[in-house]
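These protein sequence lines are chains U and L, in that order. The first sequence lines up with residues 140 to 250 when you count with our numbering. The second sequence lines up with residues 247 to 359 when you count with our numbering. Accompanying notes for the structure given below.
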Amino acid sequence: SQKIEQNSEALNIQEGKTATLTCNYTNYSPAYLQWYRQDPGRGPVFLLLIRENEKEKRKERLKVTFDTTLKQSLFHITASQPADSATYLCALDNYGQNFVFGPGTRLSVLP
Amino acid sequence: NAGVTQTPKFQVLKTGQSMTLQCAQDMNHEYMSWYRQDPGMGLRLIHYSVGAGITDQGEVPNGYNVSRSTTEDFPLRLLSAAPSQTSVYFCASLRVGDNTEAFFGQGTRLTVV
Numbered sequence: 140s141q142k143i144e145q146n147s148e149a150l151n152i153q154e155g156k157t158a159t160l161t162c163n164y165t166n167y168s169p170a171y172l173q174w175y176r177q178d179p180g181r182g183p184v185f186l187l188l189i190r191e192n193e194k195e196k197r198k199e200r201l202k203v204t205f206d207t208t209l210k211q212s213l214f215h216i217t218a219s220q221p222a223d224s225a226t227y228l229c230a231l232d233n234y235g236q237n238f239v240f241g242p243g244t245r246l247s248v249l250p
Numbered sequence: 247n248a249g250v251t252q253t254p255k256f257q258v259l260k261t262g263q264s265m266t267l268q269c270a271q272d273m274n275h276e277y278m279s280w281y282r283q284d285p286g287m288g289l290r291l292i293h294y295s296v297g298a299g300i301t302d303q304g305e306v307p308n309g310y311n312v313s314r315s316t317t318e319d320f321p322l323r324l325l326s327a328a329p330s331q332t333s334v335y336f337c338a339s340l341r342v343g344d345n346t347e348a349f350f351g352q353g354t355r356l357t358v359v
C-alpha cells in the first residue's frame with residue numbers, strides 16, 4: 140500500500156537559518172506533489188505545488204524540489220522567522236484522485 | 247466567497263449517539279472529501295465525492311456515512327459514535343485540474359465519551 144513519510148515529527152531551528160523538511164513516498168506515482176501549512180486549530184492552507192516533470196519550484200522564501208526517482212520532495216524555508224512556526228504537510232495528487240497527505244512535520248523557529 | 251464552511255466547531259457526544267457534521271462550499275468544486283486528523287497520523291481520508299450523487303470510501307470509512315445531493319453540500323454522518331471516533335474532522339473541497347488545490351474548512355473537534 141502507498142505510504143508517505145515526513146522526516147521528523149518536529150524540527151527546531153534558529154531564526155534566520157534555512158529549514159529543510161523532507162517528504163518520502165512509496166507505492167505511488169503522483170502527477171503532483173503539494174505542500175500545505177497548518178496552524179493550531181486551523182485547517183491546512185495550500186503553499187506550493189510541483190509537477191512530476193518539474194525539478195524545482197520557488198515562491199518568495201519557499202523552495203520545493205521533487206525527485207521522482209528517489210520518490211522524495213524537499214521543502215526549504217530560507218531566512219526563517221518565528222512566524223514560520225507551524226506544521227507542514229506534504230500531499231500527493233493524481234488530478235484529484237487518491238489525494239493523500241503525509242503525517243506532517245511541526246516546525247519551531249526559535250528567536 | 248466564504249470558501250468551505252464546516253459546522254459545528256466543537257461537539258461532545260455520548261457513545262452510541264449519532265450526529266451529522268455539515269460541510270458546504272461556494273466555489274462550485276466537484277470534488278469534496280472528509281478527513282480525520284489524529285496526533286502522529288496526519289490526515290486520513292474517510293470518504294470523498296467526485297460530484298453530486300457520487301461518493302466513495304477512503305482509507306477509514308467504517309462508522310461514517312456520506313451523501314452528496316448537491317454540488318455545494320457534503321455532510322458526514324456518524325451512525326453510532328464510539329470513543330475511537332474522537333478526533334478533529336476536516337472537510338475539503340478540491341479545485342481539480344492543472345493546479346489541483348485543496349481548500350479546507352475550519353475543522354470540527356469531536357469528543358466521544
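Positions of the beta carbon are idealized from the N, C-alpha and C atoms, including for glycine.
Over what stretch of residues does the beta strand (DSSP E) that includes U/K259 continue unbroken?
Absent from the structure is residue 259 of chain U, since the part of chain U shown begins at 140 and ends at 250.
Applying the criterion that 16 or more other CB atoms from any shown protein chain within 10 Å of the CB defines a buried residue, is U/F214 buried or exposed?
U/F214 comes out buried.
Counting C-beta neighbours from all protein chains within 10 Å, is the total for U/Q199 16 or more, i.e. buried, or is it exposed?
The sequence shown places Glu at residue 199 of chain U, rather than the Gln named in the question. Exposed is the call here.
Just to confirm my understanding: we take L/G309, look at its own chain, exclude 5 residues before and 5 after, and list those with CB closer than 7 Å. What are they?
Excluding sequence neighbours, L/G309 sits near L324, L325, A328 and Q331.
Measure the C-alpha to C-alpha separation of U/I152 and U/N146 and round it to an integer number of angstroms.
Rounded to whole angstroms, U/I152 to U/N146 spans 14 Å at the Cα level.
Would L/G351 pass as an interface residue toward chain B - the criterion being a Cβ-Cβ separation below 8 Å?
The chain labelled as chain B is not found among the protein chains of the depicted structure, namely U and L.
Could you run through the segment 189–218 of chain U and flag, in chain order, every residue whose CB is less than 8 Å away from some CB of chain L?
Listed in sequence order: no entries.
So U/L228 packs on U/F240, CB below 8 Å; how close in whole Å?
With 8 Å as the limit, U/L228 and U/F240 qualify as a contact, their Cβ atoms being about 5 Å apart.
With 16 as the cutoff for other CB atoms within 10 Å, does U/Q220 come out buried or exposed?
That one is exposed.
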